[in-house]
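Below is one structure, written out as structure tokens, with a few remarks after it.
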Amino acid sequence: MELTIDENVLKAYGLTRKNIKIKQIGSGHINSTYLLTHLDNGKAYILQKINANVFQNPQAIATNIKLVATYLSNQDASYLFPAPLQTITGNTMVVLNDNYWRLSPFIADTVALDTLTSPKQAYEAAKQFGKLSRLLNGFDSSTLTPTIIGFHDLELRFNQFKNALANSKQTVKAQPEVEAALKFEHIVWQYNQFNEKGDLPNRVMHHDTKISNVLLNKDTYEGVCVIDLDTLMPGKFISDLGDMMRTYLCEFSENEKDLSKIRIRVPYFSAMIEGYLSEMGSILTATEKEMLLFSGKYIIYMQALRFLTDFLNGSIYYPISYAEQNLDRARNQFKLLEELIKDEDQLQQLIDDCLLKEQGLKSIFSTNRIA
Ligand code: ADP
Ligand code: GN1
Ligand code: MG
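For my numbering, add 1484 to where a residue sits in the sequence shown, where the first one is 1.
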């Protein structure tokens, strides 16, 4: 892996291969991520090669992050926002042979989890993403450039699925999943109905709040900061809360093939909602509050469609370790969606309770009573 990093990339940051240890890390699907450790002073960095097939305008990512970083530092000087470091000539990236590289500070004593093992972790992680949204509430999101056009446009994702279906040679294998995709099409139209109500504002959203994109303290699991800032761009609040539901509520990840293991953990749901609302409860509009549960359906359905579409297209977007992995991932996500809908009444009641509590009572989590 080490060989894929050109010495000139390191040089741009005043580093040299001789005194740097390089290790590839992370379970993300998109970028290539390396941990660099300076052998002389122990300083560590995260070096990433941006996936330029996915992000066709890497400069837009760097500009968005810079604008947001400046705003955040004025809002709260103590807020930890791991924006990329500058090269020795003052650039935010290194461009070499059509590859885009950036270096960020490594945040020590933290973990990025792929699945959660306690409701407290769900509370802490959701609070981190909620805090980012709260601090950016006054930021004019229209000053940011979308880094992937139509990224969370569910109607577009549905149409991409239908196109893939019309052109794929793999449809026979995917028949049950294709039927599930069509069965839940109403989620697309429900979204449009909410949107027509008019108080669903554009906000700066992270758009990739899966659990491996937030760092928690490795010992206490307190929230430290959010990472993976490539999709920080204008959007709707449902993108962030929805992806938290997708990745916090089930004990097993999107890669689990045994569907009997795909279930919603209700205490994690309560903790996640409470963590998120502790930051965003007083900011969300009435329509947004009505959409809290819907956000999970919206994102889980969209992710199921995206995995299924990619399978039908021959797995050209999400890396796979075996041929039908994206079909299995789609199946996993449709099961998760079914489970969320099955528990809908109970979960909505928990949201209502939490909204009421949020208006008056102090959070029980602030007294650390969650194991
Ligand atoms: P991808 O887009 O491929 O998901 P990420 O930016 O999420 O890339 O990084 C992949 C992994 O690298 C993270 O899940 C985390 O384990 C680690 N990581 C990324 N940035 C940092 C950082 N600043 N400090 C510590 N670990 C990091
Ligand atoms: C990708 O980069 P990563 O692995 O954090 C994807 C997300 C999906 C997720 C599914 C830019 O996120 O949208 O929800 O995989 N990111 C992009 O695991 O497509
Ligand atoms: Mg990531």
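Where is the CB? At the ideal position from N, CA and C, for every residue including glycine.
These numbers come from a predicted model, not from an experiment.
Length of the line joining the Cα atoms of residue i and residue j
{"i": "Gly1798", "j": "Ala1658", "result": "12 Å"}
{"i": "Asp1560", "j": "Leu1620", "result": "11 Å"}
{"i": "Leu1499", "j": "Glu1774", "result": "51 Å"}
{"i": "Ile1633", "j": "Arg1641", "result": "11 Å"}
{"i": "Met1485", "j": "Gly1574", "result": "A caution first: Met1485 carries a pLDDT of 42, below 50, which makes its placement in the model too unreliable to give a value."}
{"i": "Ile1767", "j": "Thr1594", "result": "29 Å"}
{"i": "Gly1844", "j": "Gly1765", "result": "11 Å"}
{"i": "Ile1746", "j": "Phe1753", "result": "14 Å"}
{"i": "Ile1800", "j": "Asp1794", "result": "6 Å"}
{"i": "Asn1515", "j": "Gln1540", "result": "13 Å"}
{"i": "Ala1528", "j": "Arg1586", "result": "14 Å"}
Residue i burial status per 10 Å Cβ neighbour count (16 or more: buried)
{"i": "His1670", "result": "exposed"}
{"i": "Leu1487", "result": "Below a pLDDT of 50, predicted positions are generally treated as unreliable, and Leu1487, at 48, falls in that range; no measurement from the model is reported."}
{"i": "Pro1803", "result": "exposed"}
{"i": "Lys1819", "result": "buried"}
{"i": "Asp1683", "result": "exposed"}
{"i": "Ile1569", "result": "Looking at the sequence itself, residue 1569 is Leu, so the reference to Ile does not match. Classification for Leu1569: exposed."}
{"i": "Asn1816", "result": "buried"}
{"i": "Leu1824", "result": "buried"}
{"i": "Val1656", "result": "exposed"}
{"i": "Asn1525", "result": "exposed"}
{"i": "Gly1622", "result": "exposed"}
{"i": "Gln1605", "result": "buried"}
{"i": "Glu1468", "result": "A question about residue 1468 goes unanswered here, because the residues of the chain that appear run from 1485 up to 1855."}
Integer Cβ distance of residue i from residue j, believed to fall under 8 Å
{"i": "Ser1602", "j": "Tyr1705", "result": "7 Å"}
{"i": "Glu1661", "j": "Ala1814", "result": "5 Å"}
{"i": "Glu1758", "j": "Cys1709", "result": "Incorrect: roughly 20 Å between the Cβ atoms, too far for contact."}
{"i": "Lys1781", "j": "Thr1731", "result": "About 15 Å; that fails the 8 Å criterion."}
{"i": "Tyr1497", "j": "Ile1572", "result": "7 Å"}
{"i": "Met1689", "j": "Gly1726", "result": "About 10 Å separates the two Cβ atoms, so there is no contact after all."}
Simplified DSSP assignment, three categories, for residue i
{"i": "Arg1586", "result": "strand"}
{"i": "Asn1701", "result": "strand"}
{"i": "Thr1769", "result": "coil"}
{"i": "Thr1594", "result": "strand"}
{"i": "Ile1504", "result": "strand"}
{"i": "Leu1494", "result": "helix"}
{"i": "Arg1641", "result": "helix"}
{"i": "Gly1719", "result": "strand"}
{"i": "Val1710", "result": "strand"}
{"i": "Leu1839", "result": "helix"}
{"i": "Tyr1518", "result": "strand"}
{"i": "Met1689", "result": "strand"}
{"i": "Leu1900", "result": "This structure cannot speak to residue 1900, because the chain is shown only from 1485 to 1855."}
{"i": "Ala1528", "result": "strand"}
{"i": "Leu1684", "result": "coil"}
Chain C contact for residue i (CB, 8 Å cutoff)
{"i": "Asn1548", "result": "This model lacks chain C altogether, as it is built from one protein chain only."}
Cutoff 8 Å; reference residue i; Cβ partners in own chain excluding five residues on either side
{"i": "Lys1550", "result": "Ala1567 and Thr1576"}
Cut-off 6 Å between Cβ atoms - residues of its own chain near residue i, not counting five sequence neighbours on either side
{"i": "Leu1564", "result": "Cys1709"}
{"i": "Leu1743", "result": "Lys1819"}
Contacting residues, own chain, Cβ-Cβ under 7 Å from residue i (five flanking each side not counted)
{"i": "Asn1701", "result": "Asp1593, Thr1594 and Val1708"}
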